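Everything below concerns the one structure shown next.
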Amino acid sequence: MSQPVSRGNSTIKEALASWGDIARLLRGGDQGALVPVVIPRDSRGLKWMTFVWVGIYLVLTALVAALAAGEIVGTVIAVPALFFGIISLALALLWWWRSSIVEIEQGTTGVLTKFGAIVAELGPGRHYLWHPWTRVDFVVDTSTEIPYNAPVLACPTKENVPLKSIEFFLKFRITNATAFVRTIGASNFDLVLSSAVQDAIRQRSRLVQTENAHDLRGSDVADMQELLNRQLSRYGVQIMGCNIPDVQLPDQYQQHLSTRERVAKEMVAYEQEWELIRKRRIDTLLMDIERSKKTRDAKIVEVNAALNRARQDVAQMLEEQETEAQRVRYEIETRGRTNLVAAINEATAQRRLATAYRDNQAMLRYELARRRLEVGAKLAEQAPTPVVVRTGSGAGDTSALSTLLLAQLLPGITERRTGGLGSVIGARIEEGDAVQQAQEAIAHYRQQDR
């Protein structure tokens, strides 16, 4: 098991440097130490007062020479002295102006003092310190979040097992430069911060068991941050964030944990292998199920296809049967219509034949009646003329003698009257009766035909 590399304990201090080195020290530190406060070297001093005194002396000398000496001698002495005196005063004024300029870096705050007392804070930019005893004693970094690492050694757990080390990492920022430099300072703040961090870490480690000590890595330390902020707020410092990057257990316990971790890893490996085997078996079963589903679906498709074919065959057979039935029905209807037409035609022919037979019978009767008339006429020509004896209803003479006498008289009467008008008339009367009977028979048969 790899051991994490310790970052070491961070150190905070303040440094004395010139104005040109302030930015480098605040950003990069000094020999691995954090430098949030730099004391600038004040190189102004009062050297520029030398030019002031020299200038005043030369000006006074020029005035004295102009008043006490003669016109020529005074002019020769006074003019150069006055010239060099003015130049000396100008140089002193320029030196004073240049030495009063102070430039504060961006992100830093200057603590201004006058006669050693803090009077104000200077923000970033150029400032002019005209008073000779006004100076910037401290330049404090108030914008950078300064990282700080504080490993705590031999930190006991809940079972009173001392841990090898617990690394605690935090970031802080100086929010009040005046309170920081006036109340604690950078060097003292290092001791206070280290003590506060160790106290907070030890309180936290006392709450966890040894086997769960690794749970401190990356755990929530918001309560520790709040505790540190309460302790350090009076120094003008705010903790911006903190965490526990690493926890190192004792060597013996580390070996025990290594064994446990190895066993746990083997168990995890076995579980993973079993999971792979189970998953493989599940995949195999799922594949078999899918294959069975596909086979079932194929069979269902085949059954549906066979069912559709059977339905089509049944429909085709029904259609053929219906077509055959339609054909048979049409044949029967055609045959019936044909038979009906034939029967109608035959009936019509029979009726016409019967009519023809009736008409022929009437003609035959007419012919028979005519021939009968002809025969009757012939017979009438040869038959004796009948004598009608009319007797009165009241005569009453019906005796045998009368009948005998009449029978003897009849032949004579008949001979005399043979060929007379009466025979012709009787023959015509009988012929007329025969014609009339023939016409009545023809009319009767026509009514029956209709």
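The sequence shown begins at 24 in the numbering used here and counts up by one. Here a beta-carbon is modelled for each residue, glycine too, at the ideal position from N, C-alpha and C. Keep in mind it's a predicted model, so treat the numbers as computed, not measured.
Check the DSSP bridge columns for residue i and list the partner residues they point to.
i      : result
ILE189 : VAL175, VAL270
THR136 : ILE141, ARG158
LYS194 : PRO170, GLY264
GLY52  : Answer by DSSP bridge pairing: none, since GLY52 is not bridged.
GLY148 : ILE127
ASP164 : THR131
GLU342 : DSSP, once it has assigned bridges, lists no residue as partnering GLU342.
ILE62  : LEU39
LEU57  : ILE35
If the criterion is Cβ atoms closer than 9 Å, does the pair residue i and residue j meet it?
i      : j      : result
ASN32  : ALA173 : yes
VAL142 : THR157 : yes
SER122 : VAL77  : no
ILE169 : ARG205 : no
ALA268 : ASP164 : One detail in the question is off: residue 268 reads as Pro in this sequence, not Ala. Their beta carbons are not under 9 Å apart, which means PRO268 does not touch ASP164 by this criterion.
PHE191 : CYS265 : yes
LEU239 : TYR171 : no
LEU81  : ALA104 : yes
ILE189 : SER228 : yes
HIS154 : LYS137 : yes
VAL220 : LEU251 : yes
GLY259 : ALA209 : no
LEU272 : THR233 : yes
GLY108 : ILE79  : yes
ALA140 : MET72  : no
Between residue i and residue j, how many whole angstroms is the CB-CB distance? I'm expecting something under 8 Å.
i      : j      : result
VAL162 : ILE127 : 7 Å
ILE35  : ASP213 : 4 Å
LEU49  : THR131 : 6 Å
PHE74  : TRP120 : With a Cβ gap of about 12 Å, PHE74 and TRP120 do not count as contacting.
ALA40  : ARG64  : 7 Å
THR167 : GLN261 : Not quite, the Cβ-Cβ distance comes to about 12 Å (not below 8 Å), so this is no contact.
From the beta carbon of residue i, is the nearest beta carbon of chain C less than 9 Å away?
i      : result
GLY359 : Considering every chain present, this structure includes no chain C. It has just one protein chain.
Meets three-Cβ-pair contact criterion under 8 Å: the segment 165-181 and the segment 222-229: yes
Indicate whether the contact test is met: 3 or more Cβ pairs, each with one atom in the segment 296-304 and one in the segment 240-247, closer than 8 Å. no
Do the segment 79-86 and the segment 181-188 touch if we need at least three Cβ pairs shorter than 8 Å? no
For the segment 278-290 against the segment 301-314, do three or more pairs of beta-carbon atoms, one drawn from each stretch, fall closer than 8 Å, so that the two count as touching? no
Give the list of continuous beta strand (DSSP E) stretches no shorter than 3 residues that lie fully inside the segment 276-314. none
Output the residue ranges of the alpha helix (DSSP H) runs that lie fully inside the segment 366-406 and measure 4 residues or longer, sorted by chain position. none
Which residue spans inside the segment 227-258 form an unbroken alpha helix (DSSP H) run of at least 4? 245-255
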